[in-house]
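What follows is a set of notes on a single structure, which appears directly below.
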Amino acid sequence: MPLARLLSLVIIGFTLSACALKAPGVTPTTNDYLQAMPKPTASTKPSPLPPVPSSPVSVSSATLKTNLGDIKIGFYPEPTNTVSNFLDLAQKGFYDGVKWHRVISGFMIQTGDPLSKDDDWSNDGQGGPGYTFADEINDHLLIKGSVAMANAGPNTNGSQFFIITAASTPWLDGKHANFGFVIEGWDTISQIESAATDENDHPLKDIIITGISVE
């Protein structure tokens, strides 16, 4: 299927429409949070991934600079290819200008889609780096502060990621590559989480990643 579905977290037992995030006027439930990322079409030429490092990732943290403030995240050592992919995209400036396009208070905030850089909200959540890569599931639970990859099911990671703001999300554990955690910047996250959104959970005012620095 072409890139016509919105990228988001896969919730257990819920099949979502490829045309809309959710029906207007319907009160969202736990199972109504996010749609799945489409796989690349046959016409999309995959780009090569950074090679899996032969040694642990040396970078320990990165700072997401936004127009509302900074968020510093740390990285787990286990998901080496996931972290390397994130760092490669960040250092290339791939994330510069992307918006937080999906915000659900009490659950998570999501970003990483290059199509969100323009003023057309209709395709926000559909983009990626032009390839997908395998899951690196680990034992870290998806709890408040976790940074994990959005996907459309097993082994469909790309560039979009989310930060959990709920205390825990057991229905997501084991289904998303949890590659990091928030170190600093909860005041910024709170501002993002409290932003007014439309019926598709898209913030009404742009919340932008202006750059990412790695340490």
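So for the sequence shown, the numbering used here puts the first residue at 98; every next one is plus one. Just so it is clear, CB atoms sit at the ideal spot from N, CA and C, and this is done for glycine as well. Note that the coordinates shown come from a computational prediction; the quantities given were computed from them, not determined experimentally.
**Report entry** C-beta atoms of Thr-307 and Lys-162 nearer than 7 Å
**Finding:** On the sequence shown, residue 307 is found 210 positions in, with the first residue counted as 1. On the sequence shown, residue 162 is found 65 positions in, with the first residue counted as 1. Yes. Within cutoff.
**Request:** Assign Thr-294 to one of three DSSP states: helix, strand, or coil.
**Result:** Position 197 of the sequence shown, counted from the first residue, corresponds to residue 294. Strand, per DSSP.
Check: With a Cβ-Cβ cutoff of 7 Å, do Ile-286 and Trp-197 count as a contact?
Finding: Here residue 286 refers to the residue found at position 189 when the sequence shown is read from its first residue. Here residue 197 refers to the residue found at position 100 when the sequence shown is read from its first residue. Contact: no.
My assumption, with CB atoms under 8 Å, is that Gly-282 sits in contact with Gly-255. Please give the rounded CB distance. Walking along the sequence shown from the start, residue 282 turns up at place 185. Walking along the sequence shown from the start, residue 255 turns up at place 158. That pair is no contact at about 24 Å.
With a threshold of 16 other CB atoms inside 10 Å of the CB of Lys-189, please say whether the residue is buried or exposed. As a first step, residue 189 is located in the sequence shown; it is residue number 92 there, counting from the start. Result: exposed.
### Query
Would you call the CB atoms of Leu-238 and Asp-270 closer than 7 Å?
The count along the sequence shown starts at 1 and reaches residue 238 at position 141. The count along the sequence shown starts at 1 and reaches residue 270 at position 173. Contact flag set, yes.
- Message: Taking 7 Å as the threshold (beta carbon to beta carbon), is Pro-251 in contact with chain B?
- Response: Among the protein chains of the structure shown there is no chain B, as only one such chain exists.
**Message:** So, for Thr-127: in the same chain, excluding its five sequence neighbours on each side, which residues have a beta-carbon less than 6 Å away from its beta-carbon?
**Reply:** Residue numbering aside, residue 127 sits at position 30 when the sequence shown is read from its first letter. Note that Thr-127 has pLDDT 41, beneath the 50 cutoff, so the model's placement of it is unreliable and no number is given.
On the CB-based measure, 16 or more other CB atoms within 10 Å of its CB, does Ala-293 come out buried or exposed? Your numbering for residue 293 matches position 196 in the sequence shown. Exposed: under 16 other Cβ atoms inside 10 Å.
Going by alpha carbons, who is nearest to Tyr-173 out of Val-279, Asn-164 and Tyr-228? The sequence position of residue 173 within the sequence shown is 76, counting from 1. That would be Val-279, whose Cα lies nearest to the Cα of Tyr-173.
Segments assigned beta strand (DSSP E), at least 3 residues, entirely inside the region 164-228: 166-172, 199-201 and 205-208
task: Pull up the distance between the alpha-carbon of Ser-158 and that of Val-244, whole angstroms please.
output: Here residue 158 corresponds to residue number 61 of the sequence shown, with the count starting at 1. Here residue 244 corresponds to residue number 147 of the sequence shown, with the count starting at 1. Their Cα atoms are separated by approximately 12 Å.
(Q) Once DSSP output is grouped into helix, strand and coil, what is the label at Thr-307? (A) Mapped onto the sequence shown, residue 307 falls at position 210. In this structure, Thr-307 counts as strand in the three-state DSSP scheme.
*Helix, strand or coil: which one does DSSP assign to Ser-157?*
Taking the first residue of the sequence shown as 1, we reach residue 157 at position 60. It is coil, neither helix nor strand.
Practice item. Just mark Thr-138 as buried or exposed, buried being the case when its beta carbon has 16 or more other beta carbons within 10 Å. Key: The residue you call residue 138 lines up with position 41 of the sequence shown. For Thr-138, the predicted model reports a pLDDT of 33, less than 50, meaning its position is unreliable; a value from the coordinates is still stated below. Thr-138 should be labelled exposed.
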